[in-house]
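Participant: Input: one structure, supplied below.
Protein chains: 4
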Amino acid sequence: MKEKMGKRDKIIKSAMILLTKHGFHAAPMSKIADRAGVAAGTIYTYFNSKDDLIEAIFIELRNEMMNLYEKEILKADTTKDKFIIFYKSVLSHMAANPLHFRYLEQYQNSPYGISLRRDTLSGKEADPSPLSGIFREGVAKKEIEIKDLPNQVLMAHVFGPLIALAREHALGFIRLDDKTILMSAEVAWLSVIK
Amino acid sequence: MKEKMGKRDKIIKSAMILLTKHGFHAAPMSKIADRAGVAAGTIYTYFNSKDDLIEAIFIELRNEMMNLYEKEILKADTTKDKFIIFYKSVLSHMAANPLHFRYLEQYQNSPYGISLRRDTLSGKEADPSPLSGIFREGVAKKEIEIKDLPNQVLMAHVFGPLIALAREHALGFIRLDDKTILMSAEVAWLSVIK
Amino acid sequence: MKEKMGKRDKIIKSAMILLTKHGFHAAPMSKIADRAGVAAGTIYTYFNSKDDLIEAIFIELRNEMMNLYEKEILKADTTKDKFIIFYKSVLSHMAANPLHFRYLEQYQNSPYGISLRRDTLSGKEADPSPLSGIFREGVAKKEIEIKDLPNQVLMAHVFGPLIALAREHALGFIRLDDKTILMSAEVAWLSVIK
Amino acid sequence: MKEKMGKRDKIIKSAMILLTKHGFHAAPMSKIADRAGVAAGTIYTYFNSKDDLIEAIFIELRNEMMNLYEKEILKADTTKDKFIIFYKSVLSHMAANPLHFRYLEQYQNSPYGISLRRDTLSGKEADPSPLSGIFREGVAKKEIEIKDLPNQVLMAHVFGPLIALAREHALGFIRLDDKTILMSAEVAWLSVIK
DNA sequence: TATGAATGAGACTTCATTCAT
DNA sequence: AATGAATGAAGTCTCATTCAT
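Rendered as structure tokens:
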């Protein structure tokens, strides 16, 4: 299986593992190359710099996740269903790919992620989460009523628990099964709805 | 005021600022020494290594926070009051000390923090949060009923939002005032209580 | 016109431009290939190594210049005319081809050029300048008398100014017109003649 | 003797030798450190970068030369004497320090030197040569008359031969004695004077 | 002939830590 | 206790050259 992967994919996989395990700074390019089975210089055929590589992996993982819930959400009718499906699919995906999750989290806590976040808020970058849209639509249709709280506070009560659980799982401190995920989603729903 | 600080305190302060701002790896000891107004070698009079320094700062900040809510919680009567006061005091403190918060968060996402966490769960280290105790007490007194969820899931729905909001604030994406903090606390309370 | 050039010529042209602009070391083979519109490996079909390429360009430029003044000099009768025509044609040619001039100069200041020079003096390589011959002939014919100075000192007073002016021109610090070139040639003539 | 030199001086000396011998690019910092008898990192205690080191050496050598002829020139009365002393002292100094000469020449042909030259011409940097001043003064005093040629052409007929001779000497192709130097100076004087 | 991905030696530079003063 | 020059291992990245296609 590894034999079939192109060199770029091997590098990305190796980098994701080592960058996550040791941190962005503590994973040398030489080790990444070794693990990928390529020469040190080869990485630079595919990426301009270590920063570039780090960002490329982030983009790859984020796109993967965005594609995921875009498909999932179509199955739902009501606003609540959409929310629950969204929450479940994101958390399940994170639980199924703990490495991906830890990579994303590390990236978002790094200077890169922080400036990206700044751009998202200021509108330079598109918001990758559809959640605000789902709520707005539900309110417009008078299907739901939302608590009178700043949007970012509501989001904190949805994504905060989600990420906290994903982290516990990724670090091996709990095991998330479908039932637990669903219960957590219900709690999050209640946090937002009036 | 700075004049009164001993060299050790000056080093800790300088290190906290630079380690937070640039990340653990991107803050050289020499710069930390410069900012503290001491020679590079002097740091090693007080700390055995950079890792040592990083850990010492963590311990200092954690103790500071533990002392804080231990005092605050005494003021409360009911379980809910204790919870609300706890939530508010932690979040207010984080909001008032964004640098401290970001340091703690960075530490906990690093290899250091993760192994520390492992030790806490396995009982080698004391749990620094009194929340489980507060709930247990309330349940025992039949004052409250808790949702039938694994403890870590409940904790995720309390600390998840709390940390998410603290981060937003620390990064300057929202401004937390007392009213917002209280509302968030109420939502978290509802997440836990049956 | 570029369309008609063979790959070898395209490589030589691209290399000359980039090697001159950035220096021998700072012009990567890959960039030379890019600019020439060929693959990196193709250069090695025509040249054994970068050093080889560098030397081949030098030889090409030197031959070009030698052919030039061999033709020009036939037009002259007197020794002085030969000298003036030689000086003018060399300096005009350098002024008209600043890139060629800078390449030659860079080459001659490099280890390559220095060992080549050594070979010329020791007789292993032919002297590319006909100047000594012109003077010797004039003296033999009793047409002129030369100052009693070592040959290399005389040459320094001819080629020194010539090259200094060519450099000023190549770097854009002065503009050499025909009148200026002629005046400089006259001064050089006076430097040599008793 | 070498024992008395400070580390900075040892580095400069080692660098000057190796940079001159192999060219700026082909002399690695590690070798420079080896020859200076210091660790690789030590160079960076004294210089910020290789470029910095290269420039620092240039400045040191240029200052040395400027100090030299400023002292020498005071001995002279007439304009011609000033010129001859200047020419002789510069050429003697270059002949006595071939390494310094070759370093300066290499620097001036490099991108650094060229942009420095640009700054000198545009007035941003002071002209390090007093020659124009000497001539202007002589003309003002009606002591001499200068050929009707652009200043840069006159300078080319003075510095061109001077540098050509210094190079021949530095490369070991001729041996400059005081008599030869004086004769060359006289020829240069005639090139400039009407 | 021509390609260009891959190689890997080697360049510059950083920085935690030591130690003579 | 304090200094800060010195160390040298380790990191990122470049680039001449090769070779399977």
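Chains as they are written, first to last, in this note's numbering: chain Z, 1 to 194; chain Y, 1001 to 1194; chain H, 2001 to 2194; chain S, 3001 to 3194. Backbone N, C-alpha and C fix where the C-beta goes; we use that ideal spot for every residue, glycine too. For clarity, every value in this text was computed on a predicted model and none was experimentally measured.
#1: Alpha helix (DSSP H) containing residue 3078 of chain S: first to last residue?
#2: Using a Cβ-Cβ distance under 7 angstroms, would residue 2121 of chain H count as near chain S?
#3: Going by the beta-carbon positions, is the gap between residue 3190 of chain S and residue 3091 of chain S smaller than 7 angstroms?
#4: At a CB distance below 8 angstroms, what residues from the segment 1157-1173 of chain Y approach chain Z? Give them in sequence order.
#5: In the DSSP output, what is residue 3193 of chain S paired with across the bridge?
#6: Under a CB-based cut-off of 7 angstroms, is residue 1149 of chain Y close to chain Z?
#7: Given a cut-off of 7 angstroms on the beta-carbon distance, is the pair residue 3268 of chain S and residue 3011 of chain S in contact?
#8: Thinking just about the alpha-carbon of each residue, which of Z:181, Z:167, Z:29, Z:154 is nearest to the one in residue 1150 of chain Y?
#9: Would you report the Cα separation of residue 1152 of chain Y and residue 1111 of chain Y, rounded to the nearest angstrom?
#10: Anything in chain Z within Cβ reach of residue 1053 of chain Y, meaning under 8 angstroms, just list it in chain order.
#11: With residue 2115 of chain H as the anchor, note down where its alpha helix (DSSP H) starts and where it stops.
#12: So, does the CB of residue 3014 of chain S fall closer than 7 angstroms to a CB anywhere in chain H?
#13: Just by C-beta distance, which residues in the segment 2018-2052 of chain H are closer than 9 angstroms to chain S?
#14: Go ahead and pull the three-state DSSP assignment for residue 1163 of chain Y.
#15: Here's the rule: buried if 16 or more other CB atoms are within 10 angstroms of the residue's CB, otherwise exposed. What is residue 133 of chain Z?
#16: So with CB distances below 9 angstroms, who are the chain Y contacts of residue 132 of chain Z?
#17: Name the residue from S:3167, S:3114, S:3033, S:3130 whose alpha carbon lies nearest to the alpha carbon of residue 2021 of chain H.
#18: Output yes or no for whether 7 angstroms exceeds the beta carbon distance between residue 187 of chain Z and residue 1157 of chain Y.
#19: Can you find the residues in the same chain that come closer than 6 angstroms, C-beta to C-beta, to residue 1007 of chain Y, ignoring five residues on each side of it along the sequence?
#20: Should residue 3041 of chain S be labelled buried (16 or more other beta-carbon atoms within 10 Å of its own) or exposed?
#21: So, are the CB atoms of residue 2072 of chain H and residue 2089 of chain H less than 7 angstroms apart?
#22: Mapping the DSSP letters down to three states, classify residue 3049 of chain S as helix, strand or coil.
#23: How about the segment 2073-2084 of chain H and the segment 2133-2149 of chain H: do they share at least three Cβ pairs that are nearer than 8 angstroms?
#24: Of the choices Y:1144, Y:1009, Y:1094, whose alpha-carbon is the least far from that of residue 1164 of chain Y?
#25: Just reading off the alpha helix (DSSP H) that residue 1139 of chain Y is part of, what are its end residues?
#26: With distance defined between alpha-carbon atoms, name the residue in S:3131, S:3166, S:3174 nearest to residue 3154 of chain S.
#27: Taking Cβ-Cβ distances below 9 angstroms as the criterion, which residues of the segment 56-68 of chain Z are in contact with chain Y?
#28: Compile a chain-ordered list of the residues in the segment 2089-2118 of chain H whose CB is closer than 8 angstroms to at least one CB of chain S.
#29: Give a yes or no on whether the minimum CB-CB distance between residue 2153 of chain H and chain S is below 7 angstroms.
#30: Whole-angstrom Cβ separation of residue 116 of chain Z and residue 105 of chain Z, contact assumed at under 8 angstroms?
#31: Residues in the same chain with beta-carbon distance under 8 angstroms from residue 3051 of chain S, minus the five sequence neighbours each way, listed in chain order, please.
#32: Note down, in chain order, each residue of its chain lying with its Cβ closer than 8 angstroms to the Cβ of residue 184 of chain Z, except the 5 sequence neighbours on either side.
#33: So is residue 54 of chain Z buried or exposed if we call it buried at 16+ other beta carbons inside 10 Å?
#34: Pick helix, strand or coil for residue 1025 of chain Y, following the three-state DSSP scheme.
#35: Going along chain Y, which residues have a C-beta under 9 angstroms from residue 191 of chain Z?
Facilitator: Taking the coordinates as given:
#1: Within the fourth sequence, residue 3078 of chain S is the residue found at index 78, counting from 1. Premise fails: residue 3078 of chain S is in no alpha helix (DSSP H) and is neither H nor E.
#2: Here the question's residue 2121 of chain H lines up with position 121 in the third sequence. Taking Cβ atoms only, chain S reaches closer than 7 angstroms to residue 2121 of chain H, which makes this a yes.
#3: Against the fourth sequence, residue 3190 of chain S aligns to sequence position 190. Against the fourth sequence, residue 3091 of chain S aligns to sequence position 91. Going by C-beta atoms, residue 3190 of chain S is not nearer than 7 angstroms to residue 3091 of chain S.
#4: 1157, 1159, 1160, 1161, 1162, 1163, 1164, 1165, 1168, 1171, 1173
#5: Stepping through the fourth sequence from its first residue, residue 3193 of chain S is reached at position 193. S:3146.
#6: Within the second sequence, the letter at position 149 stands for residue 1149 of chain Y. Closer than 7 angstroms: yes.
#7: An answer regarding residue 3268 of chain S cannot be provided, because it is not within the stretch 3001 to 3194 covered by chain S.
#8: Stepping through the second sequence from its first residue, residue 1150 of chain Y is reached at position 150. Of the listed residues, the one whose Cα sits closest to residue 1150 of chain Y is Z:181.
#9: Working through the second sequence from its first residue, we reach residue 1152 of chain Y at position 152. Working through the second sequence from its first residue, we reach residue 1111 of chain Y at position 111. Cα to Cα, the separation comes out at about 21 angstroms.
#10: Counting from one through the second sequence, the residue named residue 1053 of chain Y turns up at place 53. Result: empty, since nearest Cβ-Cβ is about 16 angstroms, beyond 8 angstroms.
#11: Within the third sequence, numbered from 1, the residue matching residue 2115 of chain H stands at position 115. Unbroken alpha helix (DSSP H) run through residue 2115 of chain H: 2111-2121.
#12: Taking the first residue of the fourth sequence as 1, we reach residue 3014 of chain S at position 14. Not one chain H Cβ lies under 7 angstroms of residue 3014 of chain S.
#13: 2022, 2023, 2024, 2025, 2026
#14: On the second sequence, position 163 is the one that residue 1163 of chain Y refers to. In the structure shown, residue 1163 of chain Y sits in a helix (DSSP, three-state: H, G or I).
#15: Your numbering for residue 133 of chain Z matches position 133 in the first sequence. Exposed, by the Cβ-count rule.
#16: As a first step, residue 132 of chain Z is located in the first sequence; it is residue number 132 there, counting from the start. Those within 9 angstroms of residue 132 of chain Z in chain Y number zero; the least Cβ separation is about 15 angstroms.
#17: If you number the third sequence from 1, residue 2021 of chain H lands on position 21. That would be S:3114, whose Cα lies nearest to the Cα of residue 2021 of chain H.
#18: The count along the first sequence starts at 1 and reaches residue 187 of chain Z at position 187. The count along the second sequence starts at 1 and reaches residue 1157 of chain Y at position 157. A contact, by the Cβ cut-off of 7 angstroms.
#19: Counting from one through the second sequence, the residue named residue 1007 of chain Y turns up at place 7. Correct list, in chain order: 1038.
#20: In the fourth sequence, residue 3041 of chain S corresponds to position 41, counting from 1. Exposed.
#21: Taking the third sequence and counting its residues from 1, the one referred to as residue 2072 of chain H is at position 72. Taking the third sequence and counting its residues from 1, the one referred to as residue 2089 of chain H is at position 89. Yes, they are a contact pair.
#22: Residue mapping note: residue 3049 of chain S aligns to position 49 of the fourth sequence, counting from 1. DSSP places residue 3049 of chain S in coil when its eight states are reduced to three.
#23: yes
#24: Residue numbering aside, residue 1164 of chain Y sits at position 164 when the second sequence is read from its first letter. The option with the nearest alpha carbon to residue 1164 of chain Y is Y:1094.
#25: In the second sequence, counting from the first residue as 1, residue 1139 of chain Y sits at position 139. First-last of the alpha helix (DSSP H) with residue 1139 of chain Y: 1131-1140.
#26: To locate residue 3154 of chain S, count along the fourth sequence from 1; it is residue 154. Minimum Cα distance to residue 3154 of chain S is reached at S:3131.
#27: none
#28: 2105, 2106, 2109, 2110, 2111, 2114, 2117, 2118
#29: Stepping through the third sequence from its first residue, residue 2153 of chain H is reached at position 153. Output row for residue 2153 of chain H: interface = yes.
#30: As a first step, residue 116 of chain Z is located in the first sequence; it is residue number 116 there, counting from the start. As a first step, residue 105 of chain Z is located in the first sequence; it is residue number 105 there, counting from the start. In fact, because the Cβ distance is near 13 angstroms, the residues do not count as touching under 8 angstroms.
#31: Mapped onto the fourth sequence, residue 3051 of chain S falls at position 51. 3112.
#32: One-based indexing of the first sequence puts residue 184 of chain Z at position 184. These residues qualify, in order along the chain: 87, 91, 161, 162, 165.
#33: The residue you call residue 54 of chain Z lines up with position 54 of the first sequence. Its Cβ being crowded by 16 or more others within 10 Å, residue 54 of chain Z is buried.
#34: Working through the second sequence from its first residue, we reach residue 1025 of chain Y at position 25. Here residue 1025 of chain Y sits in coil by DSSP.
#35: On the first sequence, position 191 is the one that residue 191 of chain Z refers to. Result: 1157, 1161, 1187, 1188, 1190, 1191.
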